[in-house]
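Asks: Below: one structure in structure tokens.
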Amino acid sequence: MKNRTLPLGIAIIAAGIFIALGKLGFFQALGAWFWPLLPLAAGGLLLWAVWTRRLPSAAYVPAAFLVGASIAFLLCAWFGWHWMKALWPLLPLSLAAGAYLFAEAERIPPLRSLSLGVGAASLLALLVTLLVFVNGFVVALVLIVAGVAVIARRPNFR
131 MKNRTLPLGI
141 AIIAAGIFIA
151 LGKLGFFQAL
161 GAWFWPLLPL
171 AAGGLLLWAV
181 WTRRLPSAAY
191 VPAAFLVGAS
201 IAFLLCAWFG
211 WHWMKALWPL
221 LPLSLAAGAY
231 LFAEAERIPP
241 LRSLSLGVGA
251 ASLLALLVTL
261 LVFVNGFVVA
271 LVLIVAGVAV
281 IARRPNFR
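Just so we're on the same page, my numbering is the position in the sequence shown counted from 1, plus 130.
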């Protein structure tokens, strides 16, 4: 009978810890922070299925969109949803990436050119929105880099 009391005691302690963490909101916070990992994993599995030729190359488009959108949603879940004002260009960029992969796999030059254009426009929009959204940080970063450059380029008199 003594052999069964140790595992039973550990199971009771684990259940108590599990219930206490649930009452403290630990699992709710975990779900709120990490739910974008589910579509990210789905996109990764789709990409893997296309690379191993289990799915047709048309699956590149939803796979890339799932990955790109999940990255944007993950960053917003971690740092606040107000960041979506700056990260929204990741959505058309991920669609353009999927279309580019599809165009390369199927050898469709017009779609490749279109996806490159949409991707370039999305990258430009991402750069502009990040500069507008975090301009205070950009100014601080420029000043820090300029200060380091001034210190690094000073003459070495001895």
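Note that CB positions come from ideal geometry on N, CA and C, so glycine has one too.
According to DSSP, is W218 helix, strand or coil?
Replies: It is coil, neither helix nor strand.
Asks: Using C-beta distances below 6 Å, list every residue in its chain close to A194, excluding the 5 sequence neighbours before and after it, in chain order.
Replies: S224, A227 and G228
Asks: Determine, using beta-carbon pairs with one atom in the segment 152 to 172 and one in the segment 182 to 201, whether at least three such pairs fall under 8 Å.
Replies: yes
Asks: How would you call V191, buried or exposed, if buried means at least 16 neighbouring beta carbons within 10 angstroms?
Replies: So V191 ends up on the buried side.
Asks: How far does the alpha helix (DSSP H) with A279 in it extend, from its first residue to its last?
Replies: The continuous alpha helix (DSSP H) containing A279 extends over residues N265 to A282.
Asks: Less than 8 Å between the C-beta atoms of P166 and A207, yes or no?
Replies: yes
Asks: Would F232 count as contacting chain C if we go by Cβ distances under 8 Å?
Replies: Given the protein chain composition of this structure (a single chain), no chain C is represented.
Asks: In chain order, what residues of the same chain have a beta carbon less than 7 Å from the beta carbon of R242, not counting five sequence neighbours either side?
Replies: Y230, A233 and E234.
Asks: Out of I274, N286, A251 and S187, state which residue places its alpha-carbon closest to the alpha-carbon of E236.
Replies: When C-alpha distances from E236 are compared across I274, N286, A251 and S187, the shortest belongs to S187.
Asks: Can you have a look at V278 and say buried or exposed, based on whether 16 or more other CB atoms are within 10 angstroms of its CB?
Replies: exposed
Asks: With a threshold of 16 other CB atoms inside 10 Å of the CB of A216, please say whether the residue is buried or exposed.
Replies: buried
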